[in-house]
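Participant:
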Amino acid sequence: MILDTIWGWFSKDLAIDLGTANTLVYIRGKGVVIDEPSVVAVQETGRGYKRVLAVGKTARRMVGRTPGAVSAIRPLKDGVIADFEVAQKMLEYFIRKVHDRRSFIRPRIVISVPIGITEVEKRAVRESAEGAGAREVYLIEETMSAAIGAGVSVTEPIGNMIIDIGGGTTGIAVVSLSGIVVSKSIKIGGDKLDEAIMQYLKRNHDMLVGERTAEEIKKKLGIVAGEGDMASMQVKGRDMRRGVPRTIDITTEQVKEALREPVQLIIESIDQILERTPPELAADLVDRGIVLTGGGAMLGNLGQLIQEDTGLSVRVAEDPLKCVVLGSGKALDDLYLLKEISL
110 MILDTIWGWF SKDLAIDLGT ANTLVYIRGK GVVIDEPSVV AVQETGRGYK
160 RVLAVGKTAR RMVGRTPGAV SAIRPLKDGV IADFEVAQKM LEYFIRKVHD
210 RRSFIRPRIV ISVPIGITEV EKRAVRESAE GAGAREVYLI EETMSAAIGA
260 GVSVTEPIGN MIIDIGGGTT GIAVVSLSGI VVSKSIKIGG DKLDEAIMQY
310 LKRNHDMLVG ERTAEEIKKK LGIVAGEGDM ASMQVKGRDM RRGVPRTIDI
360 TTEQVKEALR EPVQLIIESI DQILERTPPE LAADLVDRGI VLTGGGAMLG
410 NLGQLIQEDT GLSVRVAEDP LKCVVLGSGK ALDDLYLLKE ISL
């Protein structure tokens, strides 16, 4: 215990957005220092031990391109840990990278987790962080972190609505007085949007593409409402009938059609939360509107679609991809706020 305290003096306290798609790390006093894919390339050994070959950007380049003995693993699925061992190794890698040393690291760590995370899942996150070297672990719900990172004053008795669309989940919440009043988390995020594009190409063009290609299509042509600029891009994949490589053109209208179903499920969840919001807080939302955060907030015209459905103004946070980790970082800098909002 005494040694932990001493090592803690020489360790940098961290806030971590342990995301399904990307992991971001914030250091007190420095800001965001790591923003890398949540991917680990491992090699299976004869005794069942997984040897880490690469983490982050290097491992991401290996997705779908590894030989039999090597696999590129995403240890988080739908916002929670799916592979405990690999998740711990990934955390160890990022913590050591930040500290630039391999031992005597005992930082305080704040980790953002999805709304409605179970006790078992909380324990998995805590134990992964502790196994990676944390001396203290605080968990904060992602929507609360996103609200703080978007500049929302969560401590006031005023209702604010946050929609955080991450890689694995979408969290929707109304916050007031440092707490979440009503909330919902659905397992629809960037991954499901990519999957919808893959299924659309499979169904309508008899073509198979990988996750990386689907993500690239989403980023370049992703639009969910309105006409927008009619754009197109060439997509390379495998012909399902002939089994040979093939190239086709896909347009923004086709991508909009592909994304219609998952986006509609997000809209329906927003309506459900608004129906459950207390009248006084609902009145606040008329004036304050809705704040969008997360990578999904960058989908073309998503704010317009939500505004047309709800009648409320919608704004995208200034830096939607970093709102969660920035909010966790602000809580790390304010221990009183951290203890007030942590799970």
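Numbering (the working numbering), first residue to last: 110 to 452.
Even for Gly, the Cβ is constructed at its ideal location relative to N, Cα and C.
(1) Quick one: Cα of aspartate 126 to Cα of alanine 243, how far?
(2) State buried or exposed for lysine 329, treating a residue as buried only when at least 16 other CB atoms are found within 10 Å of its CB.
(3) Compute the beta-carbon to beta-carbon distance between isoleucine 204 and leucine 123, rounded to the nearest angstrom, for a pair I have assumed lies under 8 angstroms.
(4) Since glutamate 250 is in the beta strand (DSSP E), which residue starts that stretch and which ends it?
(5) Verify whether the separation of the beta carbon atoms of valine 291 and isoleucine 249 is less than 8 angstroms.
(6) Around the C-beta of threonine 227, are 16 or more other C-beta atoms found within 10 angstroms, so that it is buried, or is it exposed?
(7) If I follow the unbroken beta strand (DSSP E) through glutamate 265, where does it start and stop?
(8) Could I get the ranges of all uninterrupted beta strand (DSSP E) runs contained in the segment 265-327, with 3 residues as the minimum, in chain order?
(9) Give me, in chain order, the residues of the same chain whose beta-carbon lies closer than 6 angstroms to that of aspartate 113; leave out the 5 immediate sequence neighbours on both sides.
(10) By Cβ distance, which residues of its chain are closer than 6 angstroms to leucine 435, with the 5 residues on each side in sequence left out?
(11) Tell me where the beta strand (DSSP E) around glutamate 201 begins and ends.
(12) Excluding five sequence neighbours on each side, which residues of the same chain lie with their C-beta closer than 7 angstroms to the C-beta of isoleucine 357?
(13) Rounded to whole angstroms, what's the CA-CA distance from valine 451 to glutamate 417? Just pull it up for me.
(14) Could you tell me if glutamate 384 is buried or exposed, where buried requires 16 or more neighbouring beta carbons within 10 angstroms of its beta carbon?
(15) Between the alpha carbons of valine 353 and alanine 392, how many angstroms are there, rounded?
(16) Nearest by alpha-carbon distance to valine 142: which of Leu133, Thr154, Arg183 is it?
(17) Do three or more CB pairs link the segment 391-408 to the segment 271-284 at distances below 8 angstroms?
(18) Closest to aspartate 273 by CA distance: which of Asn131, Pro223, Val318, Glu370 is it?
(19) When you compare each of Arg174, Glu320, Asn269 to alanine 254 by their alpha carbons, which one comes out closest?
(20) Cutting at 6 angstroms between CB atoms, please list the residues of its own chain near serine 294, excluding the five before and the five after it.
(21) Between lysine 166 and the rest of its own chain, which residues show a CB-CB distance below 8 angstroms, the 5 nearest in sequence each way excluded?
(22) Excluding the 5 residues flanking valine 246 on each side, which residues of the same chain have their C-beta closer than 7 angstroms to its C-beta?
(23) Given a cut-off of 8 angstroms, decide if aspartate 303 and alanine 323 are closer than it, judged by their beta-carbon atoms.
(24) Once DSSP output is grouped into helix, strand and coil, what is the label at leucine 411?
(25) Would alanine 233 and isoleucine 190 be called neighbours here (beta carbons separated by less than 8 angstroms)?
(26) How many whole angstroms separate the CB atoms of arginine 350 and valine 172, which I take to be in contact at a CB cut-off of 8 angstroms?
Facilitator: From the atom records:
(1) 15 angstroms
(2) exposed
(3) 7 angstroms
(4) 245-250
(5) no
(6) exposed
(7) Note, glutamate 265: premise wrong, no beta strand (DSSP E); not H, not E.
(8) 269-274, 279-285, 288-295
(9) For aspartate 113, the predicted model reports a pLDDT of 45, less than 50, meaning its position is unreliable and no value from the coordinates is stated.
(10) Gly258
(11) Segment 193-208 is the alpha helix (DSSP H) holding glutamate 201; no beta strand (DSSP E) there.
(12) His314, Met316, Val344
(13) Note on identity: in this sequence residue 451 is serine, with valine being the wrong assignment. Straight-line Cα distance between these residues: approximately 34 angstroms.
(14) exposed
(15) 58 angstroms
(16) Leu133
(17) yes
(18) Pro223
(19) Checking the sequence shown, residue 254 turns out to be serine, not alanine. Cα-wise, what sits closest to serine 254 is Asn269.
(20) Pro223, Ile224, Gly225, Thr278, Gly280
(21) Glu145, Pro146
(22) Ile218, Ile220, Arg235, Ala238, Glu239
(23) yes
(24) helix
(25) yes
(26) Going by Cβ atoms, the distance from arginine 350 to valine 172 rounds to 25 angstroms, so no, they are not a contact pair.
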